[in-house]
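Here's the structure, in structure tokens; my notes come after.
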Amino acid sequence: MLIVFSGLPGTGKTTIASDLATRTSAVYLRIDTIEQAIRNSGALAQDVGRSGYMVANELALSNLRFGSTVIVDCVNPVIESRKAWSEIATRSGAPLVNIQVVCSDKHEHRRRVETRKTDIPGLTPPTWQSVLDHEYEAWDNAPFNIDTALTSPAEAVAMITKRFLSGDRSYF
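The numbers in this note's numbering rise by one with no breaks, and the one at position 25 of the sequence shown is 534.
Set out below in structure tokens:
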């Protein structure tokens, strides 16, 4: 199964995705980590463009082909990147679960962004203004939504586990 977490920075994607990956022993792919490694290599300097997503797509595909569940943690802001994840799922024969993480409480969202400590050496965390200015296109097909202003990370992991990982595949 390919589980793709999408949403703006500071919504809680990483907390939920990494907790779910730990709980399920899934392969965990974090775009921030991949993009920072590309920057650190010096090959593309600061503007990594689509390269982080392209690397993650291929890593996901190879791990899905080995039968692993893959959890991807990314902003996934445009239709192009969402279609690429769908193609990876199709090519591997794995079901795709899109999960959008939002924080409907703007004050809480801003607090998270402004107090965020990075766990990736060299990564510059986003500013609140960069989050507000971030491109984020509407979805063609509505993903499973989690609002972290209303749901704790533990509750979110439990909801996802029950809905998508309980053995009942009737949701596909």
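Cβ coordinates follow ideal geometry from the N, Cα and C atoms, glycine included.
| request: Below 6 Å CB to CB, which residues in the same chain sit around alanine 530 once its five sequence neighbours on both sides are set aside? | output: Residue numbering aside, residue 530 sits at position 21 when the sequence shown is read from its first letter. Cβ neighbours of alanine 530 beyond the five flanking positions: Tyr537, Ile580.
| task | Could you pull out every residue in the same chain whose Cβ sits closer than 6 Å to the Cβ of cysteine 583, ignoring the five residues on either side in sequence? | result | Walking along the sequence shown from the start, residue 583 turns up at place 74. The answer, listed in chain order, is Ile540.
| request: Scan the segment 611–673 and note each continuous beta strand (DSSP E) run of 3 residues or more that stays entirely inside, going in chain order. | output: 653–656
| request: With a floor of 3 residues, list each beta strand (DSSP E) that falls wholly inside the segment 539–610, ordered by position along the chain. | output: 579–582
| field | serine 679 in three-state terms, based on DSSP | value | Here the question's residue 679 lines up with position 170 in the sequence shown. A caution first: serine 679 carries a pLDDT of 46, below 50, which makes its placement in the model unreliable, though a value can still be read off. The answer is coil: DSSP assigns serine 679 none of H, G, I, E or B.
| For serine 534, the three-state DSSP class (helix, strand or coil) | Position 25 of the sequence shown, counted from the start, is the residue given in the question as residue 534. DSSP places serine 534 in coil when its eight states are reduced to three.
| Nearest-angstrom Cα separation, counted from leucine 641 out to alanine 526 | Position 17 of the sequence shown holds residue 526. Position 132 of the sequence shown holds residue 641. If I take the Cα positions, the gap works out to 22 Å.
| said: For lysine 522, which residues in the same chain have their Cβ closer than 6 Å to its Cβ, ignoring the five residues on either side in sequence? | reply: Translated into the one-based positions of the sequence shown, residue 522 becomes position 13. Taken in chain order, the residues that qualify are Phe514, Gly516, Asp582, Val610.
| query | From the DSSP output, which residues share a beta bridge with serine 515? | reply | As a first step, residue 515 must be located in the sequence shown, where it is residue number 6. Paired residues: Gln609.
| So, are the CB atoms of leucine 570 and methionine 510 less than 9 Å apart? | Position 61 of the sequence shown, counted from the first residue, corresponds to residue 570. Position 1 of the sequence shown, counted from the first residue, corresponds to residue 510. No.
| said: Given this structure, state the Cα-to-Cα distance separating arginine 672 from alanine 665, to the nearest angstrom. | reply: Residue mapping note: residue 672 aligns to position 163 of the sequence shown, counting from 1. Residue mapping note: residue 665 aligns to position 156 of the sequence shown, counting from 1. About 10 Å.
| query | Rounded to a whole number of angstroms, what is the C-alpha to C-alpha distance between glycine 602 and cysteine 612? | reply | Locating residue 602 in the sequence shown gives position 93, where the first residue counts as 1. Locating residue 612 in the sequence shown gives position 103, where the first residue counts as 1. If I take the Cα positions, the gap works out to 32 Å.
| request: Kindly give me the distance between the Cβ atoms of valine 684 and isoleucine 543, rounded to whole angstroms, as I take these residues to be in contact under 8 Å. | output: In the structure as shown, the chain starts at 510 and stops at 681, and residue 684 therefore has no counterpart that could be examined.
| said: I'd like to check one pair, methionine 668 with threonine 657: are the Cβ atoms closer than 9 Å? | reply: On the sequence shown, residue 657 is found 148 positions in, with the first residue counted as 1. On the sequence shown, residue 668 is found 159 positions in, with the first residue counted as 1. No, Cβ-Cβ distance for threonine 657 and methionine 668 is not below 9 Å.
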